[in-house]
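Enquirer: If you're matching them up, the sequences are chains A and B in order.
Take 14 as the starting number for the first sequence in this note's numbering and just add one per residue.
Take 14 as the starting number for the second sequence in this note's numbering and just add one per residue.
Virtual Cβ for every residue (Gly too), placed ideally from N, Cα, C.
There are 2 protein chains.
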Amino acid sequence: MEEIFQIQLNKENEMPLYHQLAEGIMTLISDGYLPANSKLPPIRKMAQHFGVNSVTIVNAYKYLEQKQMVYSRVGSGTFVSPLPVEHIPEPVANHNIRSFGGEISMENAINFSGTSLPHEMFPVDAFKKAFDEVLEREKGGAFSYMDGMGYEPLREQLCRYLESYGIKTSVENVQVLSGAQQGIDIISKVMVHYGDVVFVEKPTFYGASGAFLSRGAKLVEVPLERDGMDMTILEDYLKLYQPKFIYMMAYFQAPTGISYSMEKKRKLLELAEKYDTYIIEEDNFCDFHYGKEDIVPLKALDFKNRVIYIKSFSKILMPGLRIGLAVLPKKIHQAVMEAKYTTDISTSGFIQRALEYYLRENGWEEHAAAMRRYGSEKYRKTLSCARKYLGAAKYGLPNGGVSLWIRLPDGIGAEAFCSRMLEKNVIITPGSQFDISGEDDSHVRISFGNLSDDKIEVGLKRMGDTLKAMMEKVDISQ
Amino acid sequence: MEEIFQIQLNKENEMPLYHQLAEGIMTLISDGYLPANSKLPPIRKMAQHFGVNSVTIVNAYKYLEQKQMVYSRVGSGTFVSPLPVEHIPEPVANHNIRSFGGEISMENAINFSGTSLPHEMFPVDAFKKAFDEVLEREKGGAFSYMDGMGYEPLREQLCRYLESYGIKTSVENVQVLSGAQQGIDIISKVMVHYGDVVFVEKPTFYGASGAFLSRGAKLVEVPLERDGMDMTILEDYLKLYQPKFIYMMAYFQAPTGISYSMEKKRKLLELAEKYDTYIIEEDNFCDFHYGKEDIVPLKALDFKNRVIYIKSFSKILMPGLRIGLAVLPKKIHQAVMEAKYTTDISTSGFIQRALEYYLRENGWEEHAAAMRRYGSEKYRKTLSCARKYLGAAKYGLPNGGVSLWIRLPDGIGAEAFCSRMLEKNVIITPGSQFDISGEDDSHVRISFGNLSDDKIEVGLKRMGDTLKAMMEKVDISQ
């Protein structure tokens with residue numbers, strides 16, 4: 014014990030002894046001398062060691078507990094907290110809720126934070142028919158408990174959809190989910206245990222990182238380049254850590270909008286095989302591709318079964334269905350079914366049956382094409398306004414999805430910019446939402462899928478004006 | 014180090030040295046000398062200490078890792094696993110799935126394992142009208158993303174329902190859930206961290222214990238008496254541990270069917286206050302009460318806000334809705350909303366709106382009364398058959414719910430009995446499903462809500478015949 018606890022206590026110092034001691038222990042923890050979950054020495058021993066009263070030690074430990082640097086277990090002592098608290102941000106989703114929730118009158122605001130298409134685009138009539146048919150056909154049976162994997166005829170339809178993107182699989186590998194977020198949550202339950210390492214893109218989607226953190230994962234961020242993760246850094250990290258999986262989006266990544274090059278997709282699969290890990294590919298916007306090149310999800314190239322593919326139908330169909338799917342390696346399917354049970358038993362059988370009917374009667378393509386057309390018009394409108402008004406900012410050209418990831422000019426803080434825009438009734442998502450540490454202050458994301466052309470024009474003009482005004486101040490201050 | 018690692022290695026012994034060492038360390042772990050997450054000494058130090066080759070230590074550690082007694086972290090060493098593996102059963106739900114899944118032809122079987130009522134009882138026509146009205150009124154808007162707490166007009170309706178059972182609350186304390194199981198899952202996310210203690214009834218519902226275990230909880234089981242937990246034992250345990258919460262069902266507990274006496278409800282609340290902990294009250298069958306006494310959920314007596322009340326509508330309405338509710342103390346509501354987001358974003362807005370319409374138009378009482386009447390008829394039928402055929406077994410008289418918890422005669426194993434019954438095409442749930450350790454071999458549960466009177470009669474007769482045959486064997490062997 015003596016070796017480690019070389020903390021200088023100074024009785025003359027105006028900082029109380031317990032506080033000095035606590036500060037010293039905090040330094041030992043941050044510097045790595047006291048690893049996670051290691052036990053702090055008993056009160057009595059520490060008191061002897063430092064020649065102080067037991068109460069001083071008790072107070073120091075209490076102070077550390079308040080700071081969440083340590084935790085105590087009744088009867089067994091005081092232990093170092095597993096993750097330094099500053100590495101566990103509150104679920105980032107939460108900022109979202111708090112910042113953009115109650116205070117602003119959403120009706121008047123120009124809201125660039127939503128990633129749905131307008132609900133006028135939803136195939137409501139077709140679903141109304143589907144609901145009627147299902148109720149007519151199955152009556153109360155439509156509302157019974159379901160097979161945890163999902164309604165088999167629906168899984169057959171989903172296989173067909175997947176095949177249209179080159180993903181060949183069969184019903185027994187497809188799990189129906191109550192939305193993609195549930196997929197992330199369930200996979201985390203199955204694969205992530207306290208202290209496990211998970212790789213994510215930097216920046217990444219808060220819904221996923223929030224779920225991983227909630228399982229006690231340590232997140233390692235791999236920087237994104239224009240065409241996917243930096244593979245050199247990824248491999249360096251793979252040599253250092255054994256991640257449970259790598260979480261990524263191959264197309265129109267949230268938030269950056271980047272898509273992976275074929276080369277990087279192949280490299281990623283090769284590295285997963287070489288370092289014996291999995292990849293979680295989340296796909297929300299694949300269907301919203303505005304170019305002519307083929308869409309090849311990572312899963313379509315996955316011959317070694319390294320990819321867990323999670324697909325949302327909230328964007329291409331409608332969020333209120335709460336339906337998604339996962340394609341799973343056989344190895345983990347049993348465990349996923351068990352986790353699905355403790356998560357929500359099963360996804361609504363009624364909605365599953367209606368979706369099956371809808372897909373069988375209508376197919377995907379017509380509706381998807383309409384959604385894609387609509388998204389691409391909004392994309393073009395947004396780009397043309399961005400060129401007109403946001404000359405000072407930089408942004409990629411995703412050619413898909415419903416968002417633009419914008420790097421603000423140097424000296425302009427994203428949080429400050431978003432606040433100024435809020436005053437002008439324009440809601441924008443700050444980049445910090447997508448940063449595990451919450452530190453990114455140079456990016457914002459604007460999502461345009463749910464806005465009229467007029468609102469896009471007015472919103473971007475206001476952004477441009479605000480940027481100009483802020484930049485003038487920067488210039489003057491320099 | 015020397016103090017602890019007093020393991021005698023014997024080179025003459027035919028057990029290899031690494032194995033002897035591993036066995037020694039396992040004993041130290043089981044005896045509590047090496048606490049969870051404590052670090053084992055570095056290879057080199059251990060080798061010096063025991064005067065053996067490093068390879069011996071490496072092999073010992075590997076052996077322990079295979080046995081899941083320890084885990085290793087690249088670069089930081091080998092650590093004692095937090096929970097002895099034998100205390101982490103596979104999710105119990107799973108036994109269920111495996112035992113009663115594919116092999117049996119469910120159509121011919123008499124299935125005493127389902128707790129739903131027959132779907133002919135579901136209010137399908139009323140919901141069909143509700144779906145139509147909602148789509149007519151809101152069109153695609155019915156399928157937009159929702160407020161994470163739930164559709165406010167629905168929460169208003171739910172408050173009215175709660176008030177009919179004496180639970181006074183307001184919309185801002187009611188969280189809409191995608192079923193009660195999701196409530197358990199989300200509350201676990203918010204309140205349970207790795208190694209935390211949770212109290213459960215013994216026996217308890219596997220869906221809940223599975224969710225707690227999945228968060229790394231240590232479960233402490235408090236035995237049930239006829240009128241609720243043994244309060245003396247509960248208080249003894251509360252002196253020893255600081256549980257995050259106590260999980261219980263006040264009415265028609267799963268699996269035993271017992272209901273808490275008023276005295277025990279008050280005592281439970283008093284203890285929660287005294288020892289500063291929470292209670293999770295799950296309520297699935299409150300509405301299925303066949304007696305005349307008032308139903309008073311624990312939450313209705315909860316003046317100090319110690320109770321998190323979780324209610325399923327799967328039984329009283331229909332499982333396929335996937336809707337439930339929680340009444341939450343203010344303190345944790347923000348955290349619950351964040352966890353809800355990373356769990357499934359929100360519950361289907363379409364279904365929420367339909368349920369709101371249904372409740373507003375139809376109220377609860379008429380349908381609930383019909384379900385209750387039906388359940389009580391089945392209950393009486395089951396009891397009369399049990400008296401006729403199961404004279405040798407013992408069971409309580411829950412006077413509510415849709416199940417009977419049966420203690421088999423001494424010497425008859427529940428697993429063996431269930432297997433014998435399966436051969437006779439009768440599906441019964443063995444008590445081990447509801448036992449954390451999986452050891453209970455003297456109880457079975459039969460659920461009768463979904464069976465015709467004929468099937469109840471035939472099923473219980475077969476049970477009686479089988480019991481008789483098995484008991485004759487026991488007599489002979491004694």
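For a test of the three-state rule: what should DSSP assign to Gly114 of chain A, helix, strand or coil?
Expert: Residue mapping note: residue 114 of chain A aligns to position 101 of the first sequence, counting from 1. Interpretation of Gly114 of chain A is limited by its pLDDT of 33, a score under 50 that renders its predicted location unreliable; the figure taken from the coordinates is listed afterwards. Three-state result, Gly114 of chain A: coil.
Enquirer: Could you name the residues of the same chain whose beta carbon sits closer than 8 angstroms to that of Tyr76 of chain B, not counting the 5 residues immediately before and after it, in chain order?
Expert: To locate residue 76 of chain B, count along the second sequence from 1; it is residue 63. Closer than 8 angstroms at Cβ, skipping near neighbours: Tyr31, His32 and Ala35.
Enquirer: Beta carbon of Val205 of chain B, beta carbon of Leu232 of chain B: below 8 angstroms?
Expert: By one-based count along the second sequence, residue 205 of chain B stands at place 192. By one-based count along the second sequence, residue 232 of chain B stands at place 219. It is not a contact, given that the beta carbons lie outside the stated cut-off.
Enquirer: Listing by chain order, which chain A residues have their CB less than 7 angstroms from the CB of Tyr158 of chain B?
Expert: Stepping through the second sequence from its first residue, residue 158 of chain B is reached at position 145. Among the residues of chain A, those whose CB is under 7 angstroms from the CB of Tyr158 of chain B are Ser129 and Pro332, following chain order.
Enquirer: Could you please tell me which residues of the segment 194-207 of chain A, in chain order, have their CB closer than 8 angstroms to any CB of chain B?
Expert: Listed by position along the chain: Gln194, Gln195, Ile197, Asp198, Lys202, His206 and Tyr207.
Enquirer: I'd like to know whether the C-beta of Phe135 of chain B is nearer than 8 angstroms to at least one C-beta of chain A.
Expert: Stepping through the second sequence from its first residue, residue 135 of chain B is reached at position 122. Yes - at least one Cβ of chain A is within 8 angstroms of the one on Phe135 of chain B.
Enquirer: When you compare the CB of Arg335 of chain A with every CB in chain B, is at least one pair closer than 8 angstroms?
Expert: For the purposes of this step, residue 335 of chain A is identified with residue 322 of the first sequence, where counting begins at 1. With its beta carbon less than 8 angstroms from one in chain B, Arg335 of chain A belongs to the interface.
Enquirer: Ile329 of chain A to Ser227 of chain A, Cα distance in whole Å?
Expert: By 1-based counting over the first sequence, the position of residue 329 of chain A is 316. By 1-based counting over the first sequence, the position of residue 227 of chain A is 214. Cα to Cα, the separation comes out at about 28 angstroms.
Enquirer: What does Ile440 of chain A reach in chain B if we use C-beta pairs closer than 9 angstroms?
Expert: Taking the first residue of the first sequence as position 1, residue 440 of chain A is located at position 427. In chain order: nothing, as chain B lies at least about 14 angstroms away.
Enquirer: Is it a yes or a no for the segment 310-329 of chain A touching the segment 285-294 of chain A, going by three-plus beta-carbon pairs under 8 angstroms?
Expert: The segment 310-329 of chain A is in contact with the segment 285-294 of chain A.
Enquirer: For Val147 of chain A, which residues from the same chain have a beta carbon less than 8 angstroms from its beta carbon, with the 5 sequence-adjacent residues on both sides left out?
Expert: Stepping through the first sequence from its first residue, residue 147 of chain A is reached at position 134. Taking C-beta separations shorter than 8 angstroms and ignoring five residues to either side along the sequence, the partners of Val147 of chain A in its chain run Ala155, Phe363, Arg366, Ala367 and Tyr370, following chain order.
Enquirer: Of all the residues that make up the segment 349-374 of chain B, which are near chain A by a beta-carbon distance shorter than 8 angstroms?
Expert: Met350, Glu351, Ala352, Tyr354, Thr355, Thr356, Asp357, Ile358, Ser359, Thr360, Ser361, Gly362, Phe363 and Ile364
Enquirer: So which of B:Pro443, B:Trp418, B:Pro268 and B:Leu417 has the shortest CA-CA distance to Ala429 of chain B?
Expert: Counting from 1 along the second sequence, the entry for residue 429 of chain B is found at position 416. Comparing Cα-Cα distances from Ala429 of chain B to each of B:Pro443, B:Trp418, B:Pro268 and B:Leu417, the minimum goes to B:Pro443.
Enquirer: Beta-carbon of Phe125 of chain A versus every beta-carbon of chain B: anything under 8 angstroms?
Expert: Working through the first sequence from its first residue, we reach residue 125 of chain A at position 112. No, Phe125 of chain A lies away from the interface with chain B (no Cβ there is under 8 angstroms from its Cβ).
Enquirer: Quick one: grab the DSSP three-state call for Gln21 of chain A.
Expert: Within the first sequence, residue 21 of chain A is the residue found at index 8, counting from 1. It is coil, neither helix nor strand.
Enquirer: Give the interface partners of Asp50 of chain A over in chain B, defined as CB-CB distance under 7 angstroms, in chain order.
Expert: Against the first sequence, residue 50 of chain A aligns to sequence position 37. First, the amino acid is wrong: residue 50 of chain A is Asn here, not Asp. Simply Asn50.
Enquirer: Is Ile259 of chain B near the ligand SAH, with its Cβ less than 7 angstroms from a heavy atom?
Expert: Annotation note on the ligand SAH: not contained in the displayed structure, which lists no ligands.
Enquirer: Is DSSP giving Gly270 of chain A helix, strand or coil here?
Expert: Along the first sequence, one-based indexing puts residue 270 of chain A at 257. The answer is coil: DSSP assigns Gly270 of chain A none of H, G, I, E or B.
Enquirer: Would you be able to state if there are at least three C-beta pairs under 8 angstroms between the segment 256-271 of chain A and the segment 234-242 of chain A?
Expert: yes
Enquirer: Under 8 angstroms between C-beta atoms, does Ser445 of chain B make it to chain A?
Expert: As a first step, residue 445 of chain B is located in the second sequence; it is residue number 432 there, counting from the start. Not closer than 8 angstroms to any Cβ of chain A, the Cβ of Ser445 of chain B fails to qualify, so no.
Enquirer: From which residue to which residue does the alpha helix (DSSP H) around His456 of chain B run?
Expert: Position 443 of the second sequence, counted from the first residue, corresponds to residue 456 of chain B. First-last for His456 of chain B: His456 to Ser460, but that is the beta strand (DSSP E), not the alpha helix (DSSP H).
Enquirer: With a cut-off of 8 angstroms on the beta carbons, I'd call Leu251 of chain B and Leu284 of chain B a contact; round off their distance for me.
Expert: Locating residue 251 of chain B in the second sequence gives position 238, counting from the first residue. Locating residue 284 of chain B in the second sequence gives position 271, counting from the first residue. That belief holds up - the Cβ atoms of Leu251 of chain B and Leu284 of chain B are roughly 6 angstroms apart, short of 8 angstroms.
Enquirer: Quick check: the Cα distance between Lys8 of chain B and Tyr402 of chain B, rounded to an integer number of angstroms?
Expert: Only positions 14 to 491 of chain B appear in this structure, which leaves residue 8 of chain B out of reach.
Enquirer: Taking its Cβ as the centre, do 16 or more other Cβ atoms sit within 10 Å of Gln266 of chain A, making it buried, or is it exposed?
Expert: Taking the first sequence and counting its residues from 1, one reaches residue 266 of chain A at position 253. Its Cβ being crowded by 16 or more others within 10 Å, Gln266 of chain A is buried.
Enquirer: How long is the line joining the alpha carbons of Ala106 of chain B and Ala348 of chain A, rounded to whole angstroms?
Expert: Here residue 106 of chain B refers to the residue found at position 93 when the second sequence is read from its first residue. Here residue 348 of chain A refers to the residue found at position 335 when the first sequence is read from its first residue. Note that Ala106 of chain B scores a pLDDT of 32, beneath 50, so its modelled location is shaky; the value from the coordinates is reported in the next line. About 11 angstroms.
Enquirer: Tell me the residue span of the beta strand (DSSP E) that contains Thr91 of chain B.
Expert: The count along the second sequence starts at 1 and reaches residue 91 of chain B at position 78. Run containing Thr91 of chain B: Gly90 to Val93, per the beta strand (DSSP E) assignment.
Enquirer: Less than 7 angstroms between C-beta atoms, sequence neighbours within five positions excluded: which residues of the same chain meet that for Leu334 of chain A?
Expert: Numbered from its first residue, the first sequence carries residue 334 of chain A at position 321. Excluding positions up to five away in sequence, the list reads Phe326, Ile364 and Leu368.
Enquirer: Looking at chain B, which residues of the segment 66-84 of chain A have a Cβ within less than 9 angstroms of any of its Cβ atoms?
Expert: Tyr84
Enquirer: Do we get a CB-CB distance below 8 angstroms when we pair Gly223 of chain A with the residues of chain B?
Expert: Counting from one through the first sequence, the residue named residue 223 of chain A turns up at place 210. Yes, because at least one Cβ of chain B sits closer than 8 angstroms to the Cβ of Gly223 of chain A.
Enquirer: Report yes or no: do the segment 413-433 of chain A and the segment 297-305 of chain A share at least 3 C-beta pairs separated by less than 8 angstroms?
Expert: yes
Enquirer: Should the segment 161-174 of chain B be regarded as contacting the segment 126-144 of chain A, the criterion being three or more beta carbon pairs within less than 8 angstroms?
Expert: no
Enquirer: Ala122 of chain B: which of B:Pro131, B:Ile441, B:His132 and B:Asp249 sits nearest, CA to CA?
Expert: Reading the second sequence from its first residue, position 109 is the one you call residue 122 of chain B. Ala122 of chain B has its Cα closest to that of B:Ile441, out of B:Pro131, B:Ile441, B:His132 and B:Asp249.
Enquirer: Assign Glu470 of chain A to one of three DSSP states: helix, strand, or coil.
Expert: Start at 1 with the first residue of the first sequence, and residue 470 of chain A comes out as number 457. For Glu470 of chain A, the secondary structure class from DSSP, reduced to helix, strand or coil, is helix.
Enquirer: Beta-carbon within less than 8 angstroms of Ile246 of chain A's beta-carbon, same chain only, minus the 5 sequence neighbours each way: which residues are those?
Expert: As a working mapping, residue 246 of chain A is identified with position 233 in the first sequence. Cβ within range, chain order: Val235 and Pro236.
Enquirer: Taking Cβ to Cβ, would you say Met476 of chain A is nearer than 8 angstroms to Ile425 of chain A?
Expert: Looking up residue 476 of chain A in the first sequence gives position 463. Looking up residue 425 of chain A in the first sequence gives position 412. Not a contact, by the Cβ cut-off of 8 angstroms.
Enquirer: Checking contacts by CB at 8 angstroms: is Lys148 of chain A closer than that to chain B?
Expert: As a position in the first sequence, residue 148 of chain A is number 135, starting the count at 1. The sequence given here places Leu at residue 148 of chain A; Lys does not occur at that position. Judged by the 8 angstroms Cβ criterion, Leu148 of chain A is in contact with chain B.
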